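If you read the sequences in order, they're chains A and B.
Residue 47 is where the first sequence starts when you use our numbering, and the numbers rise one by one after that.
Residue -14 is where the second sequence starts when you use our numbering, and the numbers rise one by one after that.
Contents: one structure, followed by commentary.
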Amino acid sequence: MGEPGPQPDDPAPPGRPKEGTLDGLVASKEIVIACGPGGVGKTTTAAATAAMAAYHHGDRVLVLTIDPARRLADALGLTSNGRGHGLGNSERRIPDEVFRDATGNSPRGELWAAMLDTKESWDALVRRHAPDARTRDKILANPLYRNISGRFVQSHDYIAMERLYELHAQGKYDLIVVDTPPTRNAIDFLDAPARMSDFFSSRLLRWLTASYRSRVMNLASRPFYQVADRILGTDFLADIAEFFILFQSMYAGFVERAEAVTRLLSDWRTTFLVVSTLEATPVREAEYFARALVARKLPLGAIVLNKVLPTYFRDRDAGSLAEQLRDGAGSVADRLAGSLGTDPSLTARVLQEVAESFLNFGVVARREAEQQAELATRPEVLASVPFFDADIVDMEGLLRLGATMWS
Amino acid sequence: MADARPLPLLDRRLLFVTGKGGTGKTTVAAALAQLAAGRGKHVLACEVDAKGDLAALFEAAPTDFAGREVEPGVVVMSMDTEASLREYLKLQLRIPVATRLGPLARALDFVAAAAPGVREILTVGKLCYEVRERNYDLVVVDAAATGHIVSQLAAPQAINDLVKVGLIRSQTDWMLEILSDPRRTGLVAVTTPEEMPVNETLELAGRVRAETTVELSAVVVNRVLPELFGLHEEEVFDDVYAHAEELSKLLGGDSGPLLEGARLAVTMRRTRAGHLQRLREGLVSDAESAGAMTPPVLYVPYLFSRAHGLRSMRQVAAALGEELGL
Chain A
47 MGEPGPQPDD
57 PAPPGRPKEG
67 TLDGLVASKE
77 IVIACGPGGV
87 GKTTTAAATA
97 AMAAYHHGDR
107 VLVLTIDPAR
117 RLADALGLTS
127 NGRGHGLGNS
137 ERRIPDEVFR
147 DATGNSPRGE
157 LWAAMLDTKE
167 SWDALVRRHA
177 PDARTRDKIL
187 ANPLYRNISG
197 RFVQSHDYIA
207 MERLYELHAQ
217 GKYDLIVVDT
227 PPTRNAIDFL
237 DAPARMSDFF
247 SSRLLRWLTA
257 SYRSRVMNLA
267 SRPFYQVADR
277 ILGTDFLADI
287 AEFFILFQSM
297 YAGFVERAEA
307 VTRLLSDWRT
317 TFLVVSTLEA
327 TPVREAEYFA
337 RALVARKLPL
347 GAIVLNKVLP
357 TYFRDRDAGS
367 LAEQLRDGAG
377 SVADRLAGSL
387 GTDPSLTARV
397 LQEVAESFLN
407 FGVVARREAE
417 QQAELATRPE
427 VLASVPFFDA
437 DIVDMEGLLR
447 LGATMWS
Chain B
-14 MADARPLPLL
-4 DRRLLFVTGK
6 GGTGKTTVAA
16 ALAQLAAGRG
26 KHVLACEVDA
36 KGDLAALFEA
46 APTDFAGREV
56 EPGVVVMSMD
66 TEASLREYLK
76 LQLRIPVATR
86 LGPLARALDF
96 VAAAAPGVRE
106 ILTVGKLCYE
116 VRERNYDLVV
126 VDAAATGHIV
136 SQLAAPQAIN
146 DLVKVGLIRS
156 QTDWMLEILS
166 DPRRTGLVAV
176 TTPEEMPVNE
186 TLELAGRVRA
196 ETTVELSAVV
206 VNRVLPELFG
216 LHEEEVFDDV
226 YAHAEELSKL
236 LGGDSGPLLE
246 GARLAVTMRR
256 TRAGHLQRLR
266 EGLVSDAESA
276 GAMTPPVLYV
286 PYLFSRAHGL
296 RSMRQVAAAL
306 GEELGL
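Here is the structure:
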């Protein structure tokens, strides 16, 4: 996969992306999809990856986020409180000053950000595929359509991949990093394009709409409509039928598009980053997801483990030292009294708390290590990001996080 | 509606437990079910996303739509909208689906898949049905994550707006009655004292109020780190930190990791304390702006424990029990 490595007679200049690292992986791709269970730092990981590529590689990079909570806006310091606004469906360039404020240097490339507005994207899709203005307007006005596109989150799945395709097809960016929607099941969005085209090519759908359209209640469909009328009410049923009939007019365009989206996901220029923490449930989900990618022959590029406790918590010597300190805090405090000049009993309490805390975190760190061993699927790159003691809320934080992922 | 004292959480009939991914929503749902069962209640715990995690917390094999008692008083079931539709047709319309109208069931399921609101109503409808029939004292739902819960809870209203007449309309009416009654139905939001989970929880509080008829009955803050140092102790620690070499000599080994570890614990706790404060203040101002009562905030400590399943869930249940004054 990827670019040919450095030739023997071509000494890699310092700072050139190394193979077998996230740096090298990202440098050789056009699309990076950050996915995995919820709450593990996907959005931040995606933003950090994009920021690093823009800053170091000199690429024009777009980070596309989907989350309704608008977390990317937070991470990029575009809003103050998480009720983000101002990002919209259109792409915005992150000003170079944001990088300069963080590092003192301008980025080599450009960083752009966009947020997915589901309703707006659906409307754009309808405008593109509708055969004529009348159909377009009728779809946009159909109550069922308005409900699906605006209200129900599942439609995020498809639209996210569709928007990615559209942005990539514009050819404006060297690299697009996508933060995937928080789906009920992490792999839902992978199947969304296929589900969409299945839906439109379904025989059942055609039967349903054809019989309704003709209103010649043939023997096959009459019982269905009798019962359905009773359950749903005639108006609602009419809305459903209209919705299906109208959508069918966009059938060819939709299916073609969904297939193109599916192809793009498995293209060699695309790679997937599975993000997880080392808590039991996320690890199980991440492993499941990694396997699902492999089974679908989709390129699993890296697993990024977030919020990992420092390894020193697992150090045996440090552990025994902590036990020693816990048990002998009093005498150690007495002997430190000369240099510290504080009440030895207070010092002893502090030392004991230090030791207890270390042993406590040691238990968690070992639990995490066991979880890491559970990850059986091996990607090209396994990156591990330490637990940052402060929140990542600005460019400086993103680049600090990015630097630990990169190496 | 605004009583002076809030109704005890477990005295309600239907509790939806939501939370951002990774906050421990499923664990809290299981713990609430177990607490209620421990007080003699007959509890149905329902997992909405059918991953099998809820049953696993009771160290039980995955459950299905019919449900199974996993420990005395706790029946765990997994939501299955197709099965829910079949049950609905059978019980409400007296249509024996499996035998006579197979194609109809398929067609309707298809409609459900195409118009996602239908799927949500089949989920919420089944849960409300169990409440209406009084099959259990309490139904605890390991519900959709924060990003999805509002559309799930708002589905009956949404359908009500769409469908003006017909059977569905009369169905959503009684569901809305149950969902809108804060003595029967409550929402529990699980969060952790971290930036994004707190943001989402505050956002959720506003949206639940604006877009649904369900009351936010409690906020559970999971994984609260203990305070490492008391008053004046941190200054002593700074002093010790400055004498790391001497401490290493006394101990006969490198004290660096111990001191770094303590420093990390202190800063982590401090960052989180700020988010906790923001959560409390945000909940108060949100409630005040609507003239409502601030939902109680329940704290569950970070577990320095090696266990994952039943054992750690019991620890969470014990902590929640204490917070609820049980």
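Every residue gets a Cβ at the ideal spot worked out from N, C-alpha and C, and that includes glycine.
Everything numeric in this text was worked out from a predicted model, so none of it was measured.
Secondary structure, alpha helix (DSSP H): runs of 4+ residues fully inside the segment 372 to 449 of chain A: Runs of the alpha helix (DSSP H) spanning 4 or more residues and lying entirely within the segment 372 to 449 of chain A occur at 375 to 386, 390 to 420, in chain order.
Beta carbon proximity, residue 46 of chain B to chain A, threshold 9 Å: Start at 1 with the first residue of the second sequence, and residue 46 of chain B comes out as number 61. At a cut-off of 9 Å between beta-carbon atoms, residue 46 of chain B makes no contact with chain A.
Whether residue 315 of chain A touches residue 76 of chain A by CB criterion (9 Å): Locating residue 315 of chain A in the first sequence gives position 269, counting from the first residue. Locating residue 76 of chain A in the first sequence gives position 30, counting from the first residue. The answer is yes: Cβ separation under 9 Å.
Residue range of the unbroken alpha helix (DSSP H) whose run includes residue 242 of chain B: In the second sequence, residue 242 of chain B corresponds to position 257, counting from 1. Judged by DSSP secondary structure, residue 242 of chain B falls within the alpha helix (DSSP H) whose first and last residues are 241 to 274.
Listed by chain order, chain C residues near residue 352 of chain A by CB distance under 9 Å: No chain C appears in this structure, whose protein chains are A and B.
is_contact[residue 109 of chain B, chain A] using C-beta, thresh 9 Å: The sequence position of residue 109 of chain B within the second sequence is 124, counting from 1. When Cβ-Cβ separations below 9 Å define contact, residue 109 of chain B makes no contact with chain A.
Validate contact between the segment 193 to 209 of chain B and the segment 24 to 42 of chain B using beta carbons, cut 8 Å, 3 pairs: Verdict: no, contact absent.
Inter-residue spacing [alpha-carbon to alpha-carbon] between residue 188 of chain B and residue 146 of chain B: For the purposes of this step, residue 188 of chain B is identified with residue 203 of the second sequence, where counting begins at 1. For the purposes of this step, residue 146 of chain B is identified with residue 161 of the second sequence, where counting begins at 1. Roughly 24 Å between the two C-alpha positions.
Near the ligand COA: residue 295 of chain A beta-carbon under 8 Å from a heavy atom: In terms of ligand content, the structure shown is empty, and the ligand COA therefore cannot be addressed.
Proximity to residue 204 of chain A [Cα-Cα], best of A/300, A/153, A/136: Along the first sequence, read from residue 1 onward, the residue named residue 204 of chain A stands at position 158. The residue with the shortest Cα to Cα distance from residue 204 of chain A is A/300.
The segment 391 to 425 of chain A: positions lying closer than 8 Å to chain B by Cβ: Result list: 392, 393, 395, 396, 397, 399, 400, 401, 403, 404, 406, 407, 409, 410, 412, 413.
Residue range of the unbroken alpha helix (DSSP H) whose run includes residue 83 of chain A: Residue 83 of chain A sits at position 37 when you count from the first residue of the first sequence. If you look at residue 83 of chain A, you'll find it isn't in any alpha helix (DSSP H); DSSP assigns it neither H nor E.
Interface flag, residue 381 of chain A vs chain B, CB-CB below 9 Å: In the first sequence, residue 381 of chain A corresponds to position 335, counting from 1. Interface residue, yes.
Chain-ordered residues of the segment 269 to 303 of chain B with a beta carbon less than 8 Å from chain A: When CB distances to chain A are screened at a threshold of 8 Å, the residues of the segment 269 to 303 of chain B falling below it are 289, 290, 291, 293, in chain order.
Residue 265 of chain A burial status per 10 Å Cβ neighbour count (16 or more: buried): Against the first sequence, residue 265 of chain A aligns to sequence position 219. Any reading at residue 265 of chain A must be qualified, since the residue scores a pLDDT of 49, below 50, and its modelled position is unreliable; no value is offered.
N- and C-terminal bounds of the beta strand (DSSP E) containing residue 284 of chain B: Against the second sequence, residue 284 of chain B aligns to sequence position 299. For residue 284 of chain B, the uninterrupted beta strand (DSSP E) segment begins and ends at 282 to 286.
Three-state secondary structure (DSSP) of residue 225 of chain A: For this step, residue 225 of chain A is matched to residue 179 along the first sequence. Three-state DSSP puts residue 225 of chain A in a strand.
Beta bridge counterpart(s) of residue 63 of chain B as assigned by DSSP: Numbered from its first residue, the second sequence carries residue 63 of chain B at position 78. Under DSSP, the beta-bridge partners assigned to residue 63 of chain B are B/32.
Among A/319, A/288, A/331, A/172, the one whose alpha carbon lies nearest that of residue 430 of chain A: Looking up residue 430 of chain A in the first sequence gives position 384. Distances from the alpha-carbon of residue 430 of chain A to those of A/319, A/288, A/331, A/172 put A/319 closest.
Length of the line joining the Cα atoms of residue 432 of chain A and residue 0 of chain B: Along the first sequence, read from residue 1 onward, the residue named residue 432 of chain A stands at position 386. Along the second sequence, read from residue 1 onward, the residue named residue 0 of chain B stands at position 15. So the two alpha carbons sit approximately 36 Å from each other.
Backbone CA spacing between residue 215 of chain B and residue 226 of chain B [nearest angstrom]: As a working mapping, residue 215 of chain B is identified with position 230 in the second sequence. As a working mapping, residue 226 of chain B is identified with position 241 in the second sequence. Roughly 16 Å between the two C-alpha positions.
Buried versus exposed call for residue 169 of chain A [16 or more other C-beta atoms within 10 Å across all chains shown]: Residue 169 of chain A sits at position 123 when you count from the first residue of the first sequence. Buried: at least 16 other Cβ atoms inside 10 Å.
Spatial distance of residue 328 of chain A from residue 84 of chain A (CA atoms): Counting from one through the first sequence, the residue named residue 328 of chain A turns up at place 282. Counting from one through the first sequence, the residue named residue 84 of chain A turns up at place 38. Near 8 Å, if we compare the C-alpha coordinates of residue 84 of chain A and residue 328 of chain A.
Cutoff 9 Å: residue 323 of chain A Cβ touching any chain B Cβ: On the first sequence, position 277 is the one that residue 323 of chain A refers to. Taking Cβ atoms only, chain B reaches closer than 9 Å to residue 323 of chain A, which makes this a yes.
Residues within the segment 142 to 172 of chain A neighbouring chain B, beta-carbon criterion of under 7 Å: Residues: none.
CB contact check: residue 21 of chain B to chain A, cutoff 9 Å: Within the second sequence, numbered from 1, the residue matching residue 21 of chain B stands at position 36. Not one chain A Cβ lies under 9 Å of residue 21 of chain B.
Start-to-end residues for the beta strand (DSSP E) that takes in residue 127 of chain B: For the purposes of this step, residue 127 of chain B is identified with residue 142 of the second sequence, where counting begins at 1. In the DSSP annotation of this structure, the continuous segment of the beta strand (DSSP E) that includes residue 127 of chain B starts and ends at 123 to 127.
N- and C-terminal bounds of the beta strand (DSSP E) containing residue 199 of chain B: In the second sequence, counting from the first residue as 1, residue 199 of chain B sits at position 214. In this chain, residue 199 of chain B is not harboured by any beta strand (DSSP E), its DSSP state being neither H nor E.
Segment contact, 8 Å Cβ cut-off, at least three pairs: the segment 360 to 368 of chain A with the segment 436 to 446 of chain A: With a cut-off of 8 Å, the segment 436 to 446 of chain A and the segment 360 to 368 of chain A do not count as touching, because too few Cβ pairs lie within range.
Contact check, residue 107 of chain A vs residue 222 of chain A, beta carbons under 9 Å: In the first sequence, counting from the first residue as 1, residue 107 of chain A sits at position 61. In the first sequence, counting from the first residue as 1, residue 222 of chain A sits at position 176. A contact, by the Cβ cut-off of 9 Å.
Helix, strand or coil at residue 8 of chain B [DSSP, three-state]: Residue mapping note: residue 8 of chain B aligns to position 23 of the second sequence, counting from 1. In the displayed model, residue 8 of chain B falls within coil according to three-state DSSP, outside both helix and strand.
Within-9 Å CB hit, residue 378 of chain A to chain B: The sequence position of residue 378 of chain A within the first sequence is 332, counting from 1. Residue 378 of chain A has a beta carbon lying within less than 9 Å of a beta carbon in chain B.
Interface partners of residue 221 of chain B on chain A, CB under 7 Å: Translated into the one-based positions of the second sequence, residue 221 of chain B becomes position 236. Scanning chain A for C-beta atoms nearer than 7 Å to the C-beta of residue 221 of chain B yields 388, 392, 393, 396, reported in chain order.
Minimum Cβ-Cβ distance from residue 204 of chain A to chain B less than 9 Å: If you number the first sequence from 1, residue 204 of chain A lands on position 158. No - not a single Cβ of chain B is within 9 Å of the one on residue 204 of chain A.
Opening and closing residue of the alpha helix (DSSP H) in which residue 337 of chain A lies: On the first sequence, residue 337 of chain A is found 291 positions in, with the first residue counted as 1. From DSSP, the alpha helix (DSSP H) with residue 337 of chain A extends over 326 to 341.
C-beta atoms of residue 240 of chain A and residue 224 of chain A nearer than 9 Å: Position 194 of the first sequence, counting from 1, holds the residue named residue 240 of chain A. Position 178 of the first sequence, counting from 1, holds the residue named residue 224 of chain A. Pairing residue 240 of chain A with residue 224 of chain A gives a Cβ-Cβ distance that is not under 9 Å.
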